[in-house]
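Asker:
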Amino acid sequence: MAIIIFILFVCGSISSHTSTAAARTHFRVSGKALYKLDISWPKQPELFTGQVFGVAVNHLAGVVYVAQRGENVPKVLVFSTDGDFIQAWNTSTLEMPHGIFLADPSTEPSVWITDVGTGPYGHTVKQYSPSGKLLQVLGSPGKAGSSLGPIQFDQPAEIFLHSSGEIYIVDGDGGINNRLIKLSKDLQVLWMHGERGQGLAQFYIPHSVAVDTCQRVWVADRGNKRIQVFNSVTGDWLGSWGSCFKDDAPYSVRLTPDQKYLVVTQLNINQITLLEAPPVGIIGQCQVVSTIQLAGDVKPHLVDLDQSNGDLYVAEIGAGQAQKFIPVNTGSV
Numbered sequence: 008m009a010i011i012i013f014i015l016f017v018c019g020s021i022s023s024h025t026s027t028a029a030a031r032t033h034f035r036v037s038g039k040a041l042y043k044l045d046i047s048w049p050k051q052p053e054l055f056t057g058q059v060f061g062v063a064v065n066h067l068a069g070v071v072y073v074a075q076r077g078e079n080v081p082k083v084l085v086f087s088t089d090g091d092f093i094q095a096w097n098t099s100t101l102e103m104p105h106g107i108f109l110a111d112p113s114t115e116p117s118v119w120i121t122d123v124g125t126g127p128y129g130h131t132v133k134q135y136s137p138s139g140k141l142l143q144v145l146g147s148p149g150k151a152g153s154s155l156g157p158i159q160f161d162q163p164a165e166i167f168l169h170s171s172g173e174i175y176i177v178d179g180d181g182g183i184n185n186r187l188i189k190l191s192k193d194l195q196v197l198w199m200h201g202e203r204g205q206g207l208a209q210f211y212i213p214h215s216v217a218v219d220t221c222q223r224v225w226v227a228d229r230g231n232k233r234i235q236v237f238n239s240v241t242g243d244w245l246g247s248w249g250s251c252f253k254d255d256a257p258y259s260v261r262l263t264p265d266q267k268y269l270v271v272t273q274l275n276i277n278q279i280t281l282l283e284a285p286p287v288g289i290i291g292q293c294q295v296v297s298t299i300q301l302a303g304d305v306k307p308h309l310v311d312l313d314q315s316n317g318d319l320y321v322a323e324i325g326a327g328q329a330q331k332f333i334p335v336n337t338g339s340v
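For the sequence shown, position 144 matches number 151 in our numbering, and the numbering has no gaps at all.
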């Protein structure tokens, strides 16, 4: 298998706490070369001042939202897809952002953020306007939920809003809940899997969720080192992938715009993996198409993709930054 090595040096400091290894971007691609790093994005990397946990793209507006944690740092930084800094959200309504998602880009765009904080605003899912105005809170702020209350969360990890308005939430970034919940547009529970364990449709730290165009829900079941797949309409279990995650668990799951590949991060081995998305009705075994091996201690967490051109944005906790990767061949993803 061919191995392509890219070594890129970025001058200057990325942030005050970024290590020399992170400031010097080094990665290699194994398998099919699908992406390359855009070293020009963003234009002011020194604006990252916390731990970067999530990223969301509005491809129609050309805007990227980056969620970060830390004391006395803006919880959301907003950049253009060209890398220009737009604004920071200095909101006091966010404690510890985890997952972030851009909903309804063509109608009424809003930004949804899961908050895993344990203080008065934590254990919630929040909806914001594009400028950072709090619009809605799901859950009981400051109160860790239990498996009995469908919309009382305990460190909810990520949210995915379908174009239909239906909402998918993975609830349990280390809390008592280990659940996948589907809500209707008016927040009624349509179906739920909510039991901790290693069996079918059981979870241990469900960490990321995505829905494809074939009515399938993909869940990064982090604690069990696997991806589980469900029918988005009925909630029926369809399959599980574990053979690709012997070395480290899947942390993120997103699909490329053409639905050909699933993009998965593996934080502890500093790797981004692209898996072949199976055709409708078939789950089968996972097949690795390409891997991007990042430098040590970068720790890629969650990702998002620009749905117009396939650009990949990666939130990196260890490096304290978000990075942009662009398709090697136009239209390849």
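Idealized CB from N, CA, C, for every residue including glycine.
Hey, Asp45 and Phe332 are a contact pair by Cβ (cut 8 Å); roughly how many whole angstroms apart?
Answerer: 7 Å
Asker: Round the Cβ separation of Lys43 and Val335 to the nearest angstrom and send it over; I've been treating them as touching at under 8 Å.
Answerer: 6 Å
Asker: Looking at the secondary structure, which residues open and close the beta strand (DSSP E) in which Gln222 lies?
Answerer: Unbroken run through Gln222: none, as it is neither H nor E.
Asker: If you drop the 5 nearest sequence neighbours on each side, which residues of the same chain put their C-beta closer than 6 Å to that of Ser247?
Answerer: Arg233 and Gln235
Asker: Below 7 Å between beta carbons: does that hold for Ile183 and Asp161?
Answerer: yes
Asker: Between which two residues does the beta strand (DSSP E) holding Glu173 run?
Answerer: Run containing Glu173: none; DSSP gives neither H nor E here.
Asker: Helix, strand or coil for Pro52? Go by DSSP, reduced to three states.
Answerer: helix
Asker: What three-state label does DSSP hand Ser259 in the structure shown?
Answerer: coil
Asker: For the beta strand (DSSP E) that Ile279 lies in, which residues bound it at each end?
Answerer: Segment Gln278 to Glu283, the beta strand (DSSP E) holding Ile279.
Asker: Quick check: what's the CA-CA separation for Val296 versus Leu282?
Answerer: 5 Å
Asker: Contact between the stretch 218-231 and the stretch 104-116: three or more CB pairs below 8 Å?
Answerer: Taking 8 Å as the limit for Cβ pairs, the verdict is that the stretch 104-116 does not touch the stretch 218-231.
Asker: Alpha carbons only, please: which of Gly288, Gly146 and Thr280 is nearest the one belonging to Lys133?
Answerer: It is Gly146.
Asker: How many angstroms separate the CA atom of Val71 from the CA atom of Ile290?
Answerer: 32 Å
Asker: Return the CA-CA distance between Phe55 and Phe92, expressed in angstroms with no decimal places.
Answerer: Computed Cα separation, rounded: 11 Å.
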